[in-house]
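Using the working numbering, read the sequence shown as starting at 50 and increasing by one per residue.
Remarks on the structure that follows.
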Amino acid sequence: MNRPYIFCHMMTSLDGKIMGGYMDTPEGGAAGDVFYDIAFGRDPYYRHQGWLSGRVTTDDNFTFYRRPALDENAPTVPEGDFVAERAAMYYVSVDPSGRLGWESNTLTYVDTTAHIVEVLTGRAGNAYKAFLRKLGISYIIAGEDSLDYGLALGKLKALFGIETLMLGGGAALNWSFIQAGMCDEISVVIAAAADGSPTTQSLFMARKGLSGTAPVGFALQSAQVKDGGSVWLRYLVKNQKQEA
């Protein structure tokens with residue numbers, strides 16, 4: 050396979066929400082610990098080399114909607130991709146237009162530190178690429194006007210040695226990868242809590258212009274009861290494109 054094996058690992062409430070007030074309950078906290086231990090604990094289940102999220106998820110958790118410090122008069126950068134360094138763990142952010150306001154080339158999630166890799170398209174300008182280079186942040190170009198999933202994933206494997214990649218939201222990105230036939234497995238930790246929010250993102254959501262609503266089936270691989278009444282479910286994705 051010329052791309053990494055991709056598993057979508059998420060925590061949800063009982064009503065399928067991937068964020069919200071339920072996370073602050075004791076049951077949500079217990080499920081959060083289970084979620085983290087599976088992916089990043091002392092004995093991680095998947096032993097992956099990176100995790101990938103979309104721009105909004107990145108802004109919500111790491112860059113907090115800061116604006117990048119751009120120099121519109123920066124010298125023209127070389128064409129193509131930029132590999133700043135190789136690392137044991139990568140955080141891959143899909144940021145087609147180049148909008149995230151990073152301050153460092155690494156981030157730390159709980160006690161996991163990762164080198165940042167930006168996935169850009171041709172819409173990202175020279176000033177933004179120069180900004181990333183100045184910080185020592187790696188980037189790849191995958192598509193001109195919209196994300197080329199296959200190209201992006203192929204480059205992540207070839208340039209950074211990523212054999213297994215965790216897909217970590219948001220809802221629209223999760224679903225778009227499934228619809229594109231680029232997600233192999235679903236891993237979901239369900240907390241024994243809910244908050245009933247009518248506006249919070251669910252595990253998967255279609256977005257106009259990004260993905261459709263073709264139904265997808267899943268094959269259950271395992272179900273385990275975990276701490277705090279949470280459950281961990283693993284499914285393989287039945288790739289409709291391969292089965293057609």
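Note that CB positions come from ideal geometry on N, CA and C, so glycine has one too.
No experiment lies behind these values; they were computed from the predicted model shown.
Excluding sequence positions up to five away, which residues of its chain have a Cβ less than 6 Å from the Cβ of residue i?
i	result
ILE211	PRO53, GLN98, GLY99 and LEU205
LYS290	Reliability of the predicted coordinates at LYS290 is poor, the pLDDT of 48 falling under 50, and no value is obtained from them.
Output yes or no for whether 8 Å exceeds the beta carbon distance between residue i and residue j.
i	j	result
ILE67	THR74	no
ARG115	GLY150	yes
ILE165	THR157	no
GLN46	VAL280	There is no way to answer for residue 46, as the model of the chain reaches only from 50 to 293.
LYS275	VAL83	yes
ALA207	VAL126	no
Short of 7 Å in beta carbon distance, which residues of its chain neighbour residue i, apart from the five on each side in sequence? Order them along the chain.
i	result
GLY277	PRO75, GLU76, ALA79, ALA80 and ALA241
SER146	ARG172 and ALA173
MET254	ALA220, ALA221 and TRP224
LEU200	ALA191 and GLY192
THR112	LEU149, GLY150 and TRP151
LEU252	MET59, THR61, GLY65, ILE67, ALA220, ASN223 and VAL237
How close, in whole Å, do the beta carbons of residue i and residue j come, if the pair is a contact with beta carbons under 8 Å?
i	j	result
THR161	MET138	6 Å
GLU167	ASP144	5 Å
ALA133	ALA163	Actually they are not in contact, since the Cβ atoms of ALA133 and ALA163 sit about 13 Å apart, beyond 8 Å.
ARG104	SER153	Their Cβ separation, rounded to whole angstroms, is 17 Å, which puts ARG104 and SER153 out of contact at 8 Å.
ASN51	GLY203	5 Å
Could you check which residue in the options has the C-alpha nearest to that of residue i?
i	options	result
PHE131	GLY69, ASP109, ASN175 and PHE111	ASN175
THR262	ILE227, LEU196, MET59 and GLY147	ILE227
SER195	LEU285, PHE180 and LEU259	LEU259
LEU282	ASN51, ARG256 and PHE56	PHE56
TYR140	ASN110, GLY129, TYR177 and PRO124	ASN110
Does any residue of chain B bring its CB to less than 8 Å from the CB of residue i?
i	result
THR248	Of the protein chains in this structure there is only one, and it is not chain B.
Ordered along the chain, which non-local residues of its own chain (more than five positions away) have a Cβ less than 8 Å from that of residue i?
i	result
SER246	LYS66, GLY69 and GLY70
TYR85	VAL159
#### Entry: Cβ pair count under 8 Å reaching 3, the segment 232 to 249 against the segment 109 to 123
no
### Query
Is there contact here, the segment 184 to 194 with the segment 212 to 225, by at least three beta-carbon pairs under 8 Å?
Per the Cβ contact rule, the segment 184 to 194 is not in contact with the segment 212 to 225 (fewer than 3 Cβ pairs under 8 Å).
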